[in-house]
């Protein structure tokens, strides 16, 4: 597996977290598992698209699509040589480009041609990241500042924010906050908070080794059993099984802990 990241320009950094390029040699890579992190992605397949396991069968992904928020593990397998240019949006970032309720796109792979035909034509002809970014900037809007501030505070609290208190601080009701958050992020504030807490686990075990009791305490879980429940909900596996058997999961761990990924090349 060959993977690299490219930072967005200052103009795009308010809604794009990073660009990334992934290359895999082919079907020998086997089944890969992607975990939810609260961030939608734009996927531009420059090689053979992955197949995703949905509703009991493997289905080929579109060539150019928006991957809405995923709420559980996503199983992928290559159908041939893979080369992907990806856009990793901020949680609210895809809303800035596509301008429609993001909760309607959760757990979906929506072809960009169906969402924004003019943008799809530009992206299909984009020659490199700079051209891709220029097209996204032209199609972006001002977004929702309240939702962006809510996202910022939840992320800063590492998922431990009190949602009722957050709504009061922002001057809206809990119902208003949830509606706007779902429209612009695609998830409820509570589920997004759980995902942010879950992400902290990878950093905790990367820094101190796989001590699950310590990781549970450091990341704000009630106990180890509470942590393992979230692991199963978001990854479909226990922590030990996930990190022993899954290449992309080990890469995910290394990305958040800044340690070398074993068996990832």
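Numbering (the working numbering), first residue to last: 3 to 267.
Using N, Cα and C, we set each Cβ at its ideal position, and we do this for glycine too.
Spatial neighbours of residue i in its chain, beta-carbon cut-off 6 Å, leaving aside the 5 residues before and after
i	result
residue 6	23
residue 229	218 and 223
residue 269	Only positions 3 to 267 of the chain appear in this structure, which leaves residue 269 out of reach.
residue 138	99
residue 79	33 and 53
residue 113	64 and 67
residue 248	With a pLDDT of only 48 at residue 248, under 50, the local geometry of the prediction cannot be trusted, and the value read off the model is given with reservation. Counting only Cβ-Cβ distances below 6 Å, and skipping sequence neighbours, we find 35.
residue 110	70
residue 161	195, 198 and 199
residue 26	3, 80 and 84
Contact belief for residue i with residue j at Cβ below 8 Å, rounded distance in angstroms
i	j	result
residue 69	residue 42	6 Å
residue 135	residue 14	5 Å
residue 179	residue 152	6 Å
residue 200	residue 232	5 Å
residue 1	residue 121	What is shown of the chain runs 3 to 267, which leaves residue 1 out entirely.
residue 97	residue 145	6 Å
For residue i, the residue or residues it bridges with in DSSP
i	result
residue 26	84
residue 113	67
residue 52	80
residue 34	78
residue 47	86
residue 126	Beta-bridge pairing links residue 126 to no other residue.
residue 223	Answer is none; residue 223 lacks a bridge partner.
residue 6	23
residue 18	91
residue 62	53
Cβ of residue i within 8 Å of any chain B Cβ
i	result
residue 70	No chain B is present in this structure, which holds just one protein chain.
Residues of its chain near residue i, where Cβ-Cβ distance is below 8 Å and the 5 sequence neighbours each way are ignored
i	result
residue 1	Nothing about residue 1 can be read from this structure; the chain reaches only from 3 to 267.
residue 90	18, 19, 20, 21, 22, 41 and 43
residue 240	230, 233 and 234
Spatial neighbours of residue i in its chain, beta-carbon cut-off 7 Å, leaving aside the 5 residues before and after
i	result
residue 169	175, 176 and 179
residue 118	100 and 141
residue 9	20
residue 154	none
beta-carbon residue i near the ligand GDP non-hydrogen atom, thresh 7 Å
i	result
residue 39	Questions concerning the ligand GDP fall outside what the structure shown contains, since it holds no ligand whatsoever.
Query raised in the report: Three or more C-beta pairs closer than 8 Å, one from the segment 43 to 50 and one from the segment 75 to 88: is that the case here?
Result: Taking 8 Å as the limit for Cβ pairs, the verdict is that the segment 75 to 88 does touch the segment 43 to 50.
Report task. Answer yes if the segment 173 to 190 comes into contact with the segment 100 to 118, meaning at least three C-beta pairs across the two stretches below 8 Å, and no otherwise. Result -> The segment 100 to 118 makes contact with the segment 173 to 190; the number of CB pairs closer than 8 Å reaches 3 or more.
**Report entry** Given 8 Å, three or more beta-carbon pairs between the segment 232 to 241 and the segment 70 to 77
**Finding:** With the cut-off at 8 Å, the segment 232 to 241 and the segment 70 to 77 touch.
**Report entry** 4 or more residues per run - each alpha helix (DSSP H) lying fully within the segment 155 to 219
**Finding:** Those alpha helix (DSSP H) runs which fall completely within the segment 155 to 219 and span 4+ residues are 165 to 172, 176 to 186 and 191 to 210.
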